[in-house]
Amino acid sequence: MKHRKLLMFMLIAMALIPLAPPASAHHSFAAEYDANRPVTLTGSVTKMAWINPHSWIYIDVKKPDGNVENWAVEAGPPGTLIRAGFTKESLAPGTVILVNGYRAKDGALRANGRDITLPDGRSLFVGGSSPDAPKDFPATNK
Amino acid sequence: MRPTNFAFWLGSVAIAGLSGTASTAQQAPKSETAPCFNLSCPIEPVAKAPTKSETGAPDKPYDWKASFAKYKVGKVPRTPDGKPDLHGIWSRSILTPLERPGSESDKAEYDASVRAELEDAAQQRQFDLRTEPTNTPPGEKTTDAYNTFWRDGFWYKVPMTSLHTSQVVDPPNGQLPPLTPAAREQRARADYLLNRPATGPEDRPPSSRCVRPIGVGPPFTGSGPGGQESTLQIIQSPKAVIVRVEALRSQLIYLDGRPRPPASVHLETGAARGHWDGDTLVVEYTNFAADADGTARKRLTERWKRLDYMHLVYGFTMDDPATRTKPYSVEFVMWLLTDQEQLVEYACHEGNVGLEFTLSGARAKEREEEEQQQK
Chain S
8 MKHRKLLMFM
18 LIAMALIPLA
28 PPASAHHSFA
38 AEYDANRPVT
48 LTGSVTKMAW
58 INPHSWIYID
68 VKKPDGNVEN
78 WAVEAGPPGT
88 LIRAGFTKES
98 LAPGTVILVN
108 GYRAKDGALR
118 ANGRDITLPD
128 GRSLFVGGSS
138 PDAPKDFPAT
148 NK
Chain U
141 MRPTNFAFWL
151 GSVAIAGLSG
161 TASTAQQAPK
171 SETAPCFNLS
181 CPIEPVAKAP
191 TKSETGAPDK
201 PYDWKASFAK
211 YKVGKVPRTP
221 DGKPDLHGIW
231 SRSILTPLER
241 PGSESDKAEY
251 DASVRAELED
261 AAQQRQFDLR
271 TEPTNTPPGE
281 KTTDAYNTFW
291 RDGFWYKVPM
301 TSLHTSQVVD
311 PPNGQLPPLT
321 PAAREQRARA
331 DYLLNRPATG
341 PEDRPPSSRC
351 VRPIGVGPPF
361 TGSGPGGQES
371 TLQIIQSPKA
381 VIVRVEALRS
391 QLIYLDGRPR
401 PPASVHLETG
411 AARGHWDGDT
421 LVVEYTNFAA
431 DADGTARKRL
441 TERWKRLDYM
451 HLVYGFTMDD
461 PATRTKPYSV
471 EFVMWLLTDQ
481 EQLVEYACHE
491 GNVGLEFTLS
501 GARAKEREEE
511 EQQQK
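Chains as they are written, first to last, in our numbering: chain S, 8 to 149; chain U, 141 to 515.
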């Protein structure tokens with residue numbers, strides 16, 4: 008029985024790889040971002056731009072030397088954010104967030120927001136329009 | 141074309157073929173190819189030459205009446221004139237792959253007992269994807285997880301709304317008929333343009349330029365985990381039905397029996413005329429714009445049927461001889477978004493800074509390469 012279950016999971020795993028072919032994206036990740044330059048940023052929100060085709064979150068990040076840099080973090084389209092449970096109140100200016108992402112290829116202070124949490128690990132979202140939306144923030148793979 | 145670009149393209153073709161993601165390279169067993177959720181997916185690595193039996197008209201038209209009759213119908217809301225009420229914002233975000241995965245090649249339906257496990261596994265895959273770098277295009281470490289965090293299937297489980305192992309219901313093997321040589325060439329060209337460094341806005345795909353979204357109908361397909369603009373809103377009156385697609389466009393379906401436009405009129409999404417066949421809305425499309433081979437022979441027939449408050453079964457038969465060697469039929473179940481009151485405008489042009497940053501990224505990479513050569 009155990010063996011059968013393992014086999015089934017292997018089949019499932021095979022069937023689901025990879026679920027998001029690059030060509031289905033609006034444009035390619037590699038065209039804009041550098042996977043060799045992951046960034047981790049902690050900063051306070053200065054602005055959230057609800058625009059298409061991608062939203063942008065702006066944060067002030069304090070550098071070790073005391074200087075402050077304003078980074079732009081790319082997020083999903085507004086429609087998708089709403090379905091994830093994101094609201095206008097989710098990211099009020101001044102909210103401190105932790106961003107994991109990849110830096111822009113052209114070296115600007117811009118990153119793709121791979122995932123975003125509050126520094127204490129809580130999620131920004133509450134889960135959205137689905138028959139069984141998860142209530143807890145999923146485990147991250149840091 | 142610059143020599144470096146050509147080398148890049150050749151490399152792309154070779155490595156994409158090896159990794160099974162796209163392109164014209166040789167043979168990979170179907171079981172190792174990825175489930176894909178829209179009709180613009182990378183072309184299958186198997187160079188399927190159409191055989192004589194695969195070309196031309198189908199042996200017999202797909203039996204939609206029998207197919208829709210298999211669904212259990214619950215309490216269906218109705219409009220004042222007694223027709224099924226299709227109003228609502230519907231999600232195409234479902235777990236049924238467009239084509240049947242190789243691991244399920246011998247069965248048309250999943251066992252109901254695996255549904256929950258498949259939904260869990262699909263969401264776990266979305267979590268895991270974020271941190272898994274891949275190598276497409278070649279030579280560059282990239283990630284398929286582009287914005288996974290923000291997409292369908294990360295914050296909620298994408299539901300398996302039917303047990304079908306594929307959205308393709310005809311041909312019966314659950315596989316789309318082969319692409320025609322002209323369509324294959326067009327798709328390979330699009331893959332090449334997408335994956336090479338951008339030389340200017342003109343060579344970017346229509347989706348990147350906000351001209352035409354990927355995978356958005358008509359006809360529609362289920363979008364799967366990783367989808368983004370996966371909803372549509374239906375607005376209905378006795379004389380017309382409007383299908384508002386979240387990304388970019390709306391389709392007006394006349395039900396009042398008006399004549400079709402003259403044959404000289406070609407429209408990107410065709411001219412739609414609908415009628416009720418019992419409780420099923422049947423929509424026939426003509427007057428499509430020219431396709432891969434420069435002809436405009438595409439015909440599309442859609443069927444919409446509300447099953448209960450939460451579900452709507454949608455199916456279409458596409459006869460597009462310029463793109464596929466045979467007509468094919470797709471069927472899947474959409475679900476109602478109960479807590480979204482309106483669609484959010486998808487004004488893609490408004491903030492399409494991605495196009496600018498794609499170009500600046502390509503120029504930065506060129507500078508980097510030049511500096512390395514000088515060293």
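Glycine is no exception: its CB is placed at the ideal position from the N, C-alpha and C atoms. These figures come from a predicted structure and were not determined experimentally.
Could you tell me if residue i is buried or exposed, where buried requires 16 or more neighbouring beta carbons within 10 angstroms of its beta carbon?
i: Glu259 of chain U; result: buried
i: Cys257 of chain U; result: For clarity, residue 257 of chain U is Glu in the given sequence; the question names Cys instead. Exposed.
i: Gln482 of chain U; result: exposed
i: Ser377 of chain U; result: exposed
i: Arg129 of chain S; result: exposed
i: Thr371 of chain U; result: buried
i: Arg398 of chain U; result: exposed
i: Ala189 of chain U; result: The predicted model places Ala189 of chain U with a pLDDT of 41, which falls under 50 and marks its position as unreliable; any figure quoted below should be read in that light. Result: exposed.
i: Ala429 of chain U; result: exposed
i: Thr144 of chain U; result: Only weak support exists for where Thr144 of chain U lies, its pLDDT of 36 falling under 50; the value from the coordinates is given anyway. Label assigned to Thr144 of chain U: exposed.
i: Gln368 of chain U; result: buried
i: Lys466 of chain U; result: buried
i: Gly196 of chain U; result: Low confidence applies to Gly196 of chain U: its pLDDT is 49, below 50, so where it sits in the model is not reliable, and the reading given next is rough at best. It is exposed - the Cβ of Gly196 of chain U has fewer than 16 other Cβ atoms within 10 Å.
i: Gly293 of chain U; result: buried
i: Ala99 of chain S; result: exposed
i: Glu386 of chain U; result: buried
i: Gly101 of chain S; result: exposed
i: Val381 of chain U; result: buried
i: Asp417 of chain U; result: exposed
In this structure, does DSSP put residue i in helix, strand or coil?
i: Thr94 of chain S; result: coil
i: Trp295 of chain U; result: coil
i: Val52 of chain S; result: strand
i: Ser98 of chain U; result: With chain U covering only 141 through 515, there is no way to say anything about residue 98 of chain U.
i: Lys466 of chain U; result: coil
i: Leu407 of chain U; result: strand
i: Ile58 of chain S; result: coil
i: Asp246 of chain U; result: coil
i: Lys505 of chain U; result: helix
i: Phe132 of chain S; result: coil
i: Asn77 of chain S; result: strand
i: Lys200 of chain U; result: coil
i: Leu440 of chain U; result: strand
i: Thr457 of chain U; result: strand
i: Val493 of chain U; result: helix
i: Tyr332 of chain U; result: helix
i: Arg265 of chain U; result: helix
i: Glu485 of chain U; result: coil
i: Ala412 of chain U; result: strand
i: Val254 of chain U; result: helix
i: Thr339 of chain U; result: coil
i: Glu135 of chain U; result: Summary: the structure shown does not reach residue 135 of chain U, with chain U confined to residues 141 through 515, and so no result is reported for it.
i: Leu303 of chain U; result: coil
i: Leu235 of chain U; result: coil
i: Lys112 of chain S; result: coil
i: Thr420 of chain U; result: strand
i: Thr288 of chain U; result: helix
i: Pro28 of chain S; result: Unreliable placement is indicated for Pro28 of chain S, whose pLDDT of 35 sits below 50; the coordinate value is still reported in the next sentence. It is coil, neither helix nor strand.
Interface residues of chain B around residue i at Cβ under 7 Å?
i: Ala487 of chain U; result: In the displayed structure, chain B is absent; the protein chains listed are S and U.
I'd like to know if the region 406-416 of chain U and the region 336-346 of chain U are in contact, where contact means that at least 3 CB-CB pairs between them fall below 8 Å. Between the region 406-416 of chain U and the region 336-346 of chain U, the count of C-beta pairs closer than 8 Å stays below three; the two stretches do not touch.
Does the region 352-371 of chain U touch the region 468-479 of chain U, meaning 3 or more C-beta pairs lie closer than 8 Å? Cβ pair count under 8 Å is three or more, so yes.
The region 34-66 of chain S: positions lying closer than 9 Å to chain U by Cβ: Using a CB distance below 9 Å, the part of the region 34-66 of chain S facing chain U consists of His34, Ser35, Phe36, Ala37, Ala38, Glu39, Tyr40, Asp41, Ala42, Asn43, Ala56, Trp57, Ile58, Asn59, Pro60, His61, Ser62 and Trp63, ordered along the chain.
In chain order, what are the residue ranges of uninterrupted beta strand (DSSP E) at least 3 long that sit wholly in the region 358-399 of chain U? Runs of the beta strand (DSSP E) inside the region 358-399 of chain U: 371-376, 380-385 and 390-394.
Using a beta-carbon distance cut-off of less than 8 Å, what residues from the region 80-111 of chain S approach chain U? Only Glu81, Ala82, Gly83, Pro84, Pro85, Gly86, Thr87, Leu88, Ile89, Arg90, Ala91, Gly92, Tyr109 and Ala111 from the region 80-111 of chain S bring a Cβ to less than 8 Å from some Cβ of chain U.
Is the number of C-beta pairs between the region 294-312 of chain U and the region 241-258 of chain U that are closer than 8 Å three or more? The region 294-312 of chain U makes contact with the region 241-258 of chain U, as at least three CB pairs between them are under 8 Å.
Going along the region 468-485 of chain U in order, which residues come within less than 8 Å of chain S, judged by CB to CB distance? For the region 468-485 of chain U, the set of positions with a beta-carbon nearer than 8 Å to some beta-carbon of chain S reads Trp475, Leu477, Thr478, Asp479, Gln480, Leu483, Val484 and Glu485 in chain order.
Proximal residues, the region 291-308 of chain U versus chain S, C-beta separation under 9 Å: Cβ contacts with chain S: Arg291, Asp292, Gly293, Phe294, Trp295, Tyr296, Lys297, Val298 and Pro299.
With contact counted as at least three CB pairs below 8 Å, one residue from each stretch, are the region 341-350 of chain U and the region 450-461 of chain U in contact? At 8 Å Cβ cutoff, the stretches do not touch.
Going along the chain, which residues of the region 109-130 of chain S sit with their C-beta nearer than 8 Å to a C-beta in chain U? Result list: Tyr109, Ala111, Lys112, Asp113, Gly114, Ala115, Arg117, Asn119, Gly120, Arg121, Asp122 and Ile123.
Mind listing which residues of the region 366-378 of chain U have their C-beta closer than 9 Å to chain S's C-betas, in chain order? Correct list: Gly366, Gly367, Gln368, Glu369, Ser370 and Thr371.
Kindly confirm or deny that the region 89-104 of chain S and the region 32-47 of chain S touch, where touching means at least three C-beta pairs closer than 8 Å. As far as the Cβ criterion goes, the region 89-104 of chain S does not touch the region 32-47 of chain S, which means the pair count is below three.
Short of 8 Å Cβ to Cβ, which residues in the region 495-507 of chain U face chain S? Of all residues in the region 495-507 of chain U, only Leu495, Phe497, Thr498, Ser500, Gly501, Ala502, Arg503, Ala504 and Lys505 place a beta-carbon less than 8 Å from a beta-carbon of chain S.
By the 7 Å beta-carbon criterion, what residues does the region 324-337 of chain U contribute toward chain S? Those would be Asp331, Leu334 and Asn335, in chain order.
With a threshold of 8 Å, are at least 3 pairs of Cβ atoms found where one atom belongs to the region 242-249 of chain U and the other to the region 479-493 of chain U? With fewer than three CB-CB distances shorter than 8 Å, the region 242-249 of chain U does not count as touching the region 479-493 of chain U.
Would you call the region 56-63 of chain S and the region 489-499 of chain U touching, i.e. three or more CB-CB distances under 8 Å? Verdict: yes, contact present.
Can you find at least 3 beta carbon pairs, one from the region 494-514 of chain U and one from the region 102-114 of chain S, that sit closer than 8 Å? Taking 8 Å as the limit for Cβ pairs, the verdict is that the region 102-114 of chain S does touch the region 494-514 of chain U.
With a cut-off of 8 Å, do at least 3 Cβ pairs link the region 215-227 of chain U to the region 458-465 of chain U? The region 215-227 of chain U makes no contact with the region 458-465 of chain U; the number of CB pairs closer than 8 Å stays below 3.
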